[in-house]
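First residue of the sequence shown? That's 9 in the working numbering, and the numbers climb one at a time after it. Glycine is no exception: its CB is placed at the ideal position from the N, C-alpha and C atoms.
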Amino acid sequence: MVSFFEKQQSQKEAINALPLYLNEQIMWDESLVPSINYSGEGCLALPKLNLQFLTLHDYLLRNFNLFHLESTYEIREDIQEVPHLLAYINHEGETAFRGWSRMAVPIREFKITEVKQPNIGEVKPSSVTAEVTFSISGYKAQIRSEWNALKEHDVLFLLSIRPSFEPLSAEEAAEASLPQRLGLQFVRGCEVIEIRNEEGTLMNDFSGRIKRDEDCDCCFRYSTISHGCQ
Numbered sequence: 009m010v011s012f013f014e015k016q017q018s019q020k021e022a023i024n025a026l027p028l029y030l031n032e033q034i035m036w037d038e039s040l041v042p043s044i045n046y047s048g049e050g051c052l053a054l055p056k057l058n059l060q061f062l063t064l065h066d067y068l069l070r071n072f073n074l075f076h077l078e079s080t081y082e083i084r085e086d087i088q089e090v091p092h093l094l095a096y097i098n099h100e101g102e103t104a105f106r107g108w109s110r111m112a113v114p115i116r117e118f119k120i121t122e123v124k125q126p127n128i129g130e131v132k133p134s135s136v137t138a139e140v141t142f143s144i145s146g147y148k149a150q151i152r153s154e155w156n157a158l159k160e161h162d163v164l165f166l167l168s169i170r171p172s173f174e175p176l177s178a179e180e181a182a183e184a185s186l187p188q189r190l191g192l193q194f195v196r197g198c199e200v201i202e203i204r205n206e207e208g209t210l211m212n213d214f215s216g217r218i219k220r221d222e223d224c225d226c227c228f229r230y231s232t233i234s235h236g237c238q
C-alpha cells in the first residue's frame, strides 16, 4: 500500500539519474542495444519518430532515447575494435597486452584527486576529478600527433581490463560476450580538463610554442553518477 501511494519518479528525474557517459551495463545489454548479428526476425522496441506524438515532451523523449541508443551502439563498436590488444596476465601477476591499438593506450597510473560534496538536495558528488598517466612513446609519429591533439572538453573512455588466469576454450570463447573474453570489467567516460607533461607544464597550448612530450598526465572529470556506482 505504501508503494502504491508513494510519489512516482518522473521521466525527467529518471533521465537525470542516468550516467552522463555510457557504462558497461548499458553497452552490452542486448535488450537495449542488439548486437550486429541481429537478423531482423523479431521486433525491436524502439521509439518511432513520426508526425504523431502526444506532446512536445513526448517527442523530445523519443529523440533522446533514439540518440542514446545510437550513441551506445557506435561507442560499443569503437570499443570492440580493440580486442587485438589481447590482454593477459604476465609472470608478475599484472595485466599486460600483446598487441597495440591506434585508439587505445595502456594507463600507467590512475588516481582520483578530488571528490566534492553533493549539492543541497542531492546524493551524488557535485564533481569528481581524476588524473591518468600514459605514454605514447611506442607509437608512430602520425599516431602520436593524433594523441597530442587531445584538448579540453574532449571525451575519453577508461577501460578496466582484468583477464582470467585460465584462458577460455574455443567453445567458451564462442559463447562468451566481449567483456567476458577480454576480462573487461568497467567502462567509464570522462571529459578532459587539462594535459600536463612529466614536469607539470600545461600542454593545452596548441600554438606550437610548447612541445608535446611522449609521457603525459591527463586531468579529467567524469560522471558523478558513475562514480557513485563503482
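When the Cα atoms are used, what is the spatial distance from G216 to Q16?
Working through the sequence shown from its first residue, we reach residue 216 at position 208. Working through the sequence shown from its first residue, we reach residue 16 at position 8. Residue confidence is low: G216 scores 48 on pLDDT, short of 50, so the model does not pin down where it sits. No coordinate-derived value is stated.
Run the CB neighbour count on I83, radius 10 Å, all protein chains shown included, and call it buried at 16 or more, exposed below.
Taking the first residue of the sequence shown as position 1, residue 83 is located at position 75. Burial call: buried.
So V131 and L158 are supposed to be a Cβ contact under 8 Å. How far apart are they, rounded?
Taking the first residue of the sequence shown as 1, we reach residue 131 at position 123. Taking the first residue of the sequence shown as 1, we reach residue 158 at position 150. That pair is no contact at about 32 Å.
Please report how far the alpha carbon of L192 lies from the alpha carbon of L186, in whole angstroms.
On the sequence shown, position 184 is the one that residue 192 refers to. On the sequence shown, position 178 is the one that residue 186 refers to. One alpha carbon belongs to L192, the other to L186, and they sit about 8 Å apart.
Considering only DSSP beta bridges, list what T141 is partnered with.
Taking the sequence shown and counting its residues from 1, one reaches residue 141 at position 133. The partner list for T141 (beta bridge, DSSP) reads E117 and D225.
So what does DSSP say about V10, is it helix, strand or coil?
Counting from one through the sequence shown, the residue named residue 10 turns up at place 2. Correct three-state label for V10: helix.
How is the beta strand (DSSP E) around A104 delimited, first residue to last?
Here the question's residue 104 lines up with position 96 in the sequence shown. From DSSP, the beta strand (DSSP E) with A104 extends over T103 to F105.
CB contact flag (R196, V136, <8 Å)
For this step, residue 196 is matched to residue 188 along the sequence shown. For this step, residue 136 is matched to residue 128 along the sequence shown. No, they are not a contact pair.
Given this structure, state the Cα-to-Cα distance separating A5 from L190, to the nearest angstrom.
In this structure the chain extends from 9 to 238, so residue 5 is not present and cannot be described.
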